[in-house]
Amino acid sequence: MNPLQKITRQSLLQLMPRTRKARILSAGAAFMSMCAFGAIGVAPITPDAADMPVKSIEQNLELPNLADQIAALQQDEQQFIHEERIRPGDSLGSLFNRLGVDDADAQKFVRTDKTARRLLSLKNGKRIQAETDEHGLLLSLRATLTDGKSGDARQVTVERRGEKFVAIEAPAKLERRVEMRSREIQSSLYSATDSNVDGGSMPDSVVNQMIEMFSTNIDFRSDIKRGDRFNVVYETFWLDGELVKTGRILAGEFVNRGVAYQSVWYEDPVTKQGGYYSLDGKALKKAFLKSPLQFSRISSGFSMRVHPLSGKWKAHKGVDYAASTGTPIRAVAEGTVDFAGNSGGYGNQVVLKHWSGYSTAYAHMSRFAPGMRKGSKVSQGQVIGYVGSTGWSTGPHLHYEFRVAGQAQNPEKFKSLAQQPLSQAELARFRMAAAEMNHRFSLLAPSGNAMAAR
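Residue numbering for the sequence shown follows the numbering used here, beginning at 3 and increasing consecutively.
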C-alpha cells in the first residue's frame with residue numbers, strides 16, 4: 003500500500019465520529035450545507051432599478067369652480083368679533099366706533115336699559131367684546147364687571163334677538179389660580195411688593211391682608227428692617243387670561259429680625275368655619291375684635307351710671323360708642339344671627355350667638371345690613387348694621403353688650419381671648435393642609451435647597 007494512502011486513510015478515520023449518534027448528526031449537517039450552496043446557485047439576480055423601463059402617464063384634472071365657492075360664501079351672513087379696552091374719556095359712541103358697531107338702536111338700548119347701562123361704568127383698561135354683522139349691526143356685547151366691595155365678578159351681555167335687544171347679567175365663571183411670591187426688604191415693605199423680581203408685583207390687597215395677618219406679632223411701622231423677607235401664597239381669579247380679582251392669602255411667612263412667623267388659612271370642610279392658624283394648629287386671630295366700630299370713642303362704659311332718660315342710678319350693662327348715623331357696625335366674632343328686629347328700648351337690635359356660650363348684642367341701629375335674619379351665618383368683621391338712634395336713645399350711638407351664658411359681662415375682660423381651638427378631627431384635616439403650605443414655603447426658600455423638603 004502506498005504510504006501516503008495509508009496516512010490519509012488513518013487521518014480520515016481519526017476525523018470520523020466514533021459513536022453512531024455523532025455520525026448521524028455530522029451527516030445531517032453536511033446535507034444541509036449542500037442544500038444551501040445549491041439554493042445560492044439557482045437564485046435569480048434582481049435587476050437594477052435604473053435599468054427598468056419608465057412609462058409616462060398624462061391625465062387632465064378638473065379644477066374646482068372658485069366662482070361658485072365665492073358666491074356661496076357671499077350668500078352667508080358674515081360675523082365679526084372685535085375686542086377693545088376702555089380708554090380715558092371714552093364715550094359710548096367712540097367705543098362703538100372702535101368696536102366697528104354702527105347701530106343707533108344698540109346705542110339707545112345700552113343707554114336706557116338698567117342692566118346694559120352697567121357697561122358704561124367700566125373702568126379704564128377693562129376689556130369689552132362686540133360681535134357684529136358685515137353691516138356693523140350689533141349681535142352681542144359682553145364685558146365683566148367687578149364689585150369693588152364684595153369682589154364678586156359678574157358678566158353683563160347684550161344680545162340681539164330679532165329686532166330687539168335683551169341684557170343678561172350672570173356670575174362670571176372665573177379660573178382660580180394659586181400664586182406664590184417671595185421678597186426681601188431692601189428699603190420698605192411696599193417697595194419690595196411693587197418690584198418685579200419674579201415676573202410680577204403683588205396687589206395692594208394682598209399686602210394689606212399680610213399686614214393684618216402678622217400685626218399681632220410685628221409692628222410694621224417700626225419693626226421692619228433691611229434684610230427681612232417674606233413668602234406669601236394667595237388666590238387670583240382670571241377670565242379669558244385677564245386678572246379679574248385677587249382672593250385670600252392662603253399662607254404667609256414673615257422673617258422679621260431673624261424670627262419666622264407663619265400663618266395658614268384653614269376652612270374646615272364640615273363646619274365651614276375658617277381662620278388663620280400657626281403650623282401647629284394654634285389660632286392666630288383673637289376671638290373678638292376690640293370694637294364693633296372701626297373709628298369711634300366710648301361715651302359710656304360698663305359701669306354704674308345715671309340713666310339719661312329715667313334719671314335713676316343703675317348699672318349700664320354694655321358699652322356705648324359715639325358715632326354718626328350710618329356708621330357701619332361690624333360683628334366682633336364669627337357666629338349665627340339669633341335675633342334681628344325691633345326690641346323695645348333697644349330699638350333695632352341684632353344678637354349674635356358665638357361658640358362656648360358667648361353672645362354679643364348691638365342696639366339702636368338705624369337699619370340692618372342685607373341678609374340679617376335668624377340663623378344666618380356671619381364672619382368676623384362683617385357689617386351687620388349701621389349706627390342710629392332707635393329705641394330709648396338720646397342721640398346716635400351704638401350700645402354694645404358682651405354676654406356669657408346670657409349674662410352681660412365687661413368686654414374688656416375678654417379682649418385677649420383666643421379663637422376657638424380646633425377639635426381633634428379638625429386638627430387632623432388641618433395638618434394635611436398645613437403640610438402642603440409648608441412645602442410651598444420650602445420651594446420659596448432662598449437657599450435653593452427646596453427639594454430636600456419634599
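Ideal Cβ placement from N, Cα and C applies to all residues, glycine included.
Counting C-beta neighbours from all protein chains within 10 Å, is the total for residue i 16 or more, i.e. buried, or is it exposed?
{"i": "Glu428", "result": "buried"}
{"i": "Pro413", "result": "buried"}
{"i": "Gln296", "result": "exposed"}
{"i": "Asp149", "result": "exposed"}
{"i": "Asp200", "result": "exposed"}
{"i": "Met204", "result": "buried"}
{"i": "Thr362", "result": "buried"}
{"i": "Arg287", "result": "Before going on, a small fix: residue 287 reads as Lys here, not Arg. Buried: at least 16 other Cβ atoms inside 10 Å."}
{"i": "Asn198", "result": "exposed"}
{"i": "Gln351", "result": "buried"}
{"i": "Asn62", "result": "exposed"}
{"i": "Leu252", "result": "buried"}
{"i": "Phe432", "result": "buried"}
{"i": "Glu60", "result": "exposed"}
{"i": "His441", "result": "exposed"}
{"i": "Ala325", "result": "buried"}
{"i": "Val266", "result": "buried"}
{"i": "Glu336", "result": "buried"}
{"i": "Gly164", "result": "exposed"}
{"i": "Val180", "result": "exposed"}
{"i": "Gly347", "result": "exposed"}
{"i": "Gly254", "result": "buried"}
{"i": "Leu311", "result": "Unreliable positioning characterises Leu311 in this predicted model, as indicated by a pLDDT of 46, which lies under 50. A coordinate reading is not provided."}
Which residue marks the beginning of the alpha helix (DSSP H) containing residue i, and which one marks its end?
{"i": "His441", "result": "426-445"}
{"i": "Val334", "result": "Careful: Val334 lies outside any alpha helix (DSSP H) and carries neither H nor E."}
{"i": "Ala106", "result": "106-114"}
Who are the Cβ neighbours of residue i in its own chain at under 7 Å, not counting the five residues just before and after it?
{"i": "Leu140", "result": "Val103, Asp105, Ala108, Ala132, Thr134, Arg162"}
{"i": "Phe222", "result": "Leu191, Ile213"}
{"i": "Arg100", "result": "Glu86"}
{"i": "Arg120", "result": "Leu147, Val158"}
{"i": "Gly249", "result": "Tyr236, Glu237, Thr238, Phe239"}
{"i": "Arg178", "result": "Glu237, Phe239"}
{"i": "Lys379", "result": "Thr338"}
{"i": "Asp115", "result": "Ala169"}
With a threshold of 6 Å on Cβ separation, who are the neighbours of residue i within its own chain once the five nearest residues in sequence on each side are excluded?
{"i": "Arg231", "result": "Glu186, Val257"}
{"i": "Pro294", "result": "Ile331, Arg332, Val334, Tyr402"}
{"i": "Ser395", "result": "His366"}
{"i": "Ile170", "result": "Thr159"}
{"i": "His356", "result": "Ala335, Gly337"}
{"i": "Val56", "result": "none"}
{"i": "Met439", "result": "Ala253, Val266"}
{"i": "Phe304", "result": "Its pLDDT being 44, under 50, Phe304 is placed unreliably in this model, and the value from its coordinates should be taken loosely. Closer than 6 Å at the Cβ level, and outside the excluded window around Phe304, lie Val321, Asn412."}
Provide the residue span of the beta strand (DSSP E) that contains residue i, from first to last.
{"i": "Lys355", "result": "350-355"}
{"i": "Asp322", "result": "321-324"}
{"i": "Lys247", "result": "244-258"}
{"i": "Phe232", "result": "231-241"}
{"i": "Ser368", "result": "360-370"}
{"i": "Phe404", "result": "399-406"}
{"i": "Trp267", "result": "261-269"}
{"i": "Gly387", "result": "385-389"}
{"i": "Gln409", "result": "409-411"}
{"i": "Gly277", "result": "276-279"}
In its own chain, which residues sit with a C-beta less than 8 Å from the C-beta of residue i, not counting the 5 before and 5 after it?
{"i": "Ile220", "result": "Ile226, Phe256, Asn258, Tyr263"}
{"i": "Ala437", "result": "none"}
{"i": "Ala174", "result": "Thr146, Ala155, Arg156, Gln157, Leu241, Val246"}
{"i": "His137", "result": "Asp104"}
{"i": "Gly95", "result": "Gln109"}
{"i": "Gly349", "result": "Ala365, His366, Met367, Gly390, Ser391, Thr392, Gly393, Trp394, Ser395"}
{"i": "Ile130", "result": "Glu85, Glu86, Arg87, Ile88, Leu97, Leu101, Leu121, Leu124, Leu143, Arg144, Ala145"}
State yes or no: is the C-beta of residue i nearer than 6 Å to some heavy atom of the ligand MN?
{"i": "Ser444", "result": "Looking for the ligand MN in the displayed structure turns up nothing, as the structure carries no ligands at all."}
Would you please verify whether the beta carbon of residue i is less than 7 Å from any beta carbon of chain B?
{"i": "Gly393", "result": "Structure shown: chain B not included; a single protein chain is present."}
Check: Quick one: any contact between the stretch 207-225 and the stretch 111-125, if contact means 3 or more CB pairs under 8 Å?
Finding: No, the stretch 207-225 is not in contact with the stretch 111-125.
Margin query: List, from N- to C-terminal side, the beta strand (DSSP E) runs of 3 residues or more that fit wholly inside the stretch 131-205.
Written below: For the stretch 131-205, whole beta strand (DSSP E) runs of length 3 or above, ordered along the chain, are 140-148, 155-163, 166-173, 177-186.
Margin query: In chain order, what are the residue ranges of uninterrupted beta strand (DSSP E) at least 3 long that sit wholly in the stretch 56-104?
Written below: Fully contained in the stretch 56-104 are the following beta strand (DSSP E) runs of length 3 or more, in chain order: 81-87.
Note to self: With three or more C-beta pairs closer than 8 Å as the rule, is the stretch 318-336 touching the stretch 374-390?
What the structure shows: In short, these stretches touch, since the Cβ pair count reaches three.
Notebook entry, point to check: Do the stretch 395-407 and the stretch 369-386 make contact, defined as three or more Cβ pairs closer than 8 Å?
Noted result: Here the stretch 395-407 does not lie against the stretch 369-386, with fewer than 3 beta-carbon pairs under 8 Å apart.
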